[in-house]
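Under the working numbering, the letters of the sequence shown match residues 22 to 336, in that order. Think of the CB as a built atom: it goes at the ideal place given N, C-alpha and C, for glycine as much as any other residue.
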Amino acid sequence: MPAVVEVRDLVRVYRSKRKAEEKVALRGVTLTVDDGEILGLLGPNGAGKTTLVKILSTVLLPTSGTAKILDKDVAAAPRAVRENVGVVFGGERGLYPRISARQNLDFWAALYRLDRRTARRRCAELLDRVGLGDRADDAVETFSRGMKQRLHLARGLIHGPRILFFDEPTTGMDPVAAREFRTLVHELRKEGRTVFLTTHDMAEAEALCDRVTLIDHGSLVLDEPTEHIGRYLDTRECVDFSCDDRALLDEVAALPFVEVVEARAGGHRALVRDPAAVAQLLVWLIGRGVLSARRSEPSLEDIYLRLVGTRAMSV
Ligand SMILES: Nc1ncnc2c1ncn2[C@@H]1O[C@H](COP(=O)(O)OP(=O)(O)O)[C@@H](O)[C@H]1O
Ligand SMILES: [Mg+2]
22 MPAVVEVRDL
32 VRVYRSKRKA
42 EEKVALRGVT
52 LTVDDGEILG
62 LLGPNGAGKT
72 TLVKILSTVL
82 LPTSGTAKIL
92 DKDVAAAPRA
102 VRENVGVVFG
112 GERGLYPRIS
122 ARQNLDFWAA
132 LYRLDRRTAR
142 RRCAELLDRV
152 GLGDRADDAV
162 ETFSRGMKQR
172 LHLARGLIHG
182 PRILFFDEPT
192 TGMDPVAARE
202 FRTLVHELRK
212 EGRTVFLTTH
222 DMAEAEALCD
232 RVTLIDHGSL
242 VLDEPTEHIG
252 RYLDTRECVD
262 FSCDDRALLD
272 EVAALPFVEV
282 VEARAGGHRA
292 LVRDPAAVAQ
302 LLVWLIGRGV
312 LSARRSEPSL
322 EDIYLRLVGT
332 RAMSV
């Protein structure tokens, strides 16, 4: 499969003019995205995700290294790149609040030089597609945050790009809208588009992405098909349980067949080495009156926590 995104040794340094300070946001990232793939880019705040997306969508120039989209260099041929990429940044910026959703899209269609008929048809289609059909002619300032986010999605799709960059697209969406977003991504893939998605939401990445990459301090620390991410843990088995007793938790952590105990939303997770240890731990916990214990699978979140640490959770 041909790569549609090719990034080689990409470096980006931010220089502040006032203070002679340098901030290295990307330190030599090499990455490819295949045609039709859904790639998840994960990483804690400040890891360099948005910087990478901005370079790939020609908003920002790289300091060194190369980035190509469908064989076109982002620095040398930005116009050709822009025709093929759509980008949706999180948040609410970039929309005109006083005019309607349809007028906002019309404006973007004009920037991409779509002819009037195509523009009108696409706007109507996209507004329906993101569930804003019945609010199309209302001023954007009357929209909820989630609705604005959906309008951003429509905007990113207006010129029918082959590659879509989503930077934390579900931030601020309610759970229903977030689920609809997943459906939309699957549809985009069915249409043959490639999706590059940055997200903080581990469950979202696991559910949606064919491959996940993890970036930390401007360097890639993981790049694996989603189904193989378990390889990154030498401990492949876990037991989830809830327990408020600090002393008992310490005892669990000290058991010879337990590698580590981590706090989780709604309880704790013990990582153990093999299925025999799972059985031992379950019996031990039940013997101590902890009846909520159950075996579970390591998730992307486990790998993330292992590689990035708890900084990852301070979102
Ligand atoms: N315009 C800028 N000027 C200086 N430093 C910046 C600028 N934009 C981002 N940075 C820094 O670059 C690093 C990466 O930022 P960013 O790409 O936004 O990360 P992420 O999207 O993963 O949170 C951070 O340390 C951030 O503070
Ligand atoms: Mg960001």
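Looking only at C-alpha atoms, which of Arg200, Phe262, Ala175 sits nearest to Arg150?
Sequence index remark: in the sequence shown, residue 150 carries index 129 (1-based). For Arg150, the nearest C-alpha among the options comes from Ala175.
For the pair the region 135-144 and the region 212-229, tell me if three or more CB-CB distances fall below 8 Å.
no
From which residue to which residue does the alpha helix (DSSP H) around Cys144 run?
The residue you call residue 144 lines up with position 123 of the sequence shown. Per DSSP, Cys144 belongs to the alpha helix (DSSP H) from 137-150.
First and last residue of the uninterrupted beta strand (DSSP E) at Asp237
As a first step, residue 237 must be located in the sequence shown, where it is residue number 216. Counting along the chain, the beta strand (DSSP E) containing Asp237 begins and ends at 232-237.
Answer yes or no: do Thr71 and Phe110 have a C-beta to C-beta separation smaller than 9 Å?
Here residue 71 is taken as the residue at index 50 of the sequence shown, counted from 1. Here residue 110 is taken as the residue at index 89 of the sequence shown, counted from 1. Yes, these two residues count as a Cβ contact at 9 Å.
Would you call the region 259-269 and the region 302-322 touching, i.e. three or more CB-CB distances under 8 Å?
yes
Would you kindly report the start and end of the unbroken alpha helix (DSSP H) that includes Ile307?
Reading the sequence shown from its first residue, position 286 is the one you call residue 307. Per DSSP, Ile307 belongs to the alpha helix (DSSP H) from 296-308.
CA-CA distance, Met334 and Cys230?
Taking the sequence shown and counting its residues from 1, the one referred to as residue 334 is at position 313. Taking the sequence shown and counting its residues from 1, the one referred to as residue 230 is at position 209. Residue placement at Met334 cannot be trusted, given a pLDDT of 45 that sits under 50; what the coordinates show is reported in the next sentence. Computed Cα separation, rounded: 20 Å.
Do you know offhand how far Val34's Cα is from Leu241's?
Against the sequence shown, residue 34 aligns to sequence position 13. Against the sequence shown, residue 241 aligns to sequence position 220. Cα to Cα, the separation comes out at about 16 Å.
Could you pull out every residue in the same chain whose Cβ sits closer than 7 Å to the Cβ of Ala130, ignoring the five residues on either side in sequence?
The residue given as residue 130 occupies position 109 in the sequence shown. Contacts found: Ala140, Arg143, Cys144, Ile179.
Name the DSSP bridge partner or partners of Arg114?
Here the question's residue 114 lines up with position 93 in the sequence shown. DSSP output for Arg114 lists no bridge partner at all.
Ligand 2 heavy atom lying under 8 Å from the CB of Lys38
Taking the first residue of the sequence shown as 1, we reach residue 38 at position 17. It does not: the Cβ of Lys38 is nowhere closer than 8 Å to a heavy atom of ligand 2.
Span of the alpha helix (DSSP H), counted from its first residue to its last, around Thr337
Coverage of the chain is limited to positions 22 through 336, which leaves residue 337 absent and any answer about it impossible.
Using the Cβ count rule (16 or more neighbours within 10 Å means buried), how would you classify His173?
Numbered from its first residue, the sequence shown carries residue 173 at position 152. Label assigned to His173: buried.
On the criterion of 16 or more Cβ atoms from any shown chain inside 10 Å, does Asp271 qualify as buried, or is it exposed?
In the sequence shown, residue 271 corresponds to position 250, counting from 1. That one is exposed.
Could you tell me how far apart the beta carbons of Leu328 and Met223 are, in whole angstroms, since I believe they sit closer than 8 Å?
Taking the first residue of the sequence shown as 1, we reach residue 328 at position 307. Taking the first residue of the sequence shown as 1, we reach residue 223 at position 202. Contact doesn't hold; Cβ gap of about 12 Å is too wide.
Distance cut-off 8 Å: Ala73 Cβ against heavy atoms of ligand 1:
Reading the sequence shown from its first residue, position 52 is the one you call residue 73. It should be pointed out that residue 73 corresponds to Leu in this sequence rather than to Ala. Answer for Leu73: yes, Cβ within range of ligand 1.
Would DSSP call His289 helix, strand or coil?
On the sequence shown, residue 289 is found 268 positions in, with the first residue counted as 1. Strand, per DSSP.
Suppose you measure from the CA of Ser85 to the CA of Asp159; what does that come to, to the nearest Å?
Counting from one through the sequence shown, the residue named residue 85 turns up at place 64. Counting from one through the sequence shown, the residue named residue 159 turns up at place 138. Roughly 45 Å separates the two Cα atoms.
May I ask you to report which of helix, strand or coil DSSP gives Val80?
Indexing the sequence shown from 1 puts residue 80 at position 59. Val80 falls in the coil class under three-state DSSP.
Exposure of Leu326, with buried meaning 16 or more beta-carbon neighbours within 10 Å
Reading the sequence shown from its first residue, position 305 is the one you call residue 326. Counting Cβ neighbours within 10 Å, Leu326 comes out buried, since at least 16 surround it.
What three-state label does DSSP hand Thr191 in the structure shown?
Here residue 191 is taken as the residue at index 170 of the sequence shown, counted from 1. Thr191: coil per DSSP, three-state reduction.
Give the secondary structure of Arg103 by DSSP, where H, G and I count as helix, E and B as strand, and everything else as coil.
Taking the first residue of the sequence shown as 1, we reach residue 103 at position 82. It is helical.
Nearest to Glu197 by alpha carbon, out of Val50, Pro182, Glu212, Gly152?
Working through the sequence shown from its first residue, we reach residue 197 at position 176. The sequence given here places Val at residue 197; Glu does not occur at that position. Of the candidates Val50, Pro182, Glu212, Gly152, the one whose C-alpha sits nearest the C-alpha of Val197 is Gly152.
Once the 5 residues before and after Val336 are set aside, which same chain residues still bring their CB inside 7 Å of it?
Numbered from 1 along the sequence shown, position 315 holds the residue referred to as residue 336. Confidence is the limiting factor: at Val336 the pLDDT is only 39, short of 50, which leaves the residue's position unreliable and the question unanswerable from this model.
Give the straight-line distance between the Cα atoms of Val282 and Thr204, rounded to the nearest whole angstrom.
Position 261 of the sequence shown holds residue 282. Position 183 of the sequence shown holds residue 204. Each residue's Cα considered, the two are about 35 Å apart.
Around the Cβ of Ser121, are there at least 16 other Cβ atoms within 10 angstroms (buried) or fewer (exposed)?
Position 100 of the sequence shown holds residue 121. It is buried - the Cβ of Ser121 has at least 16 other Cβ atoms within 10 Å.
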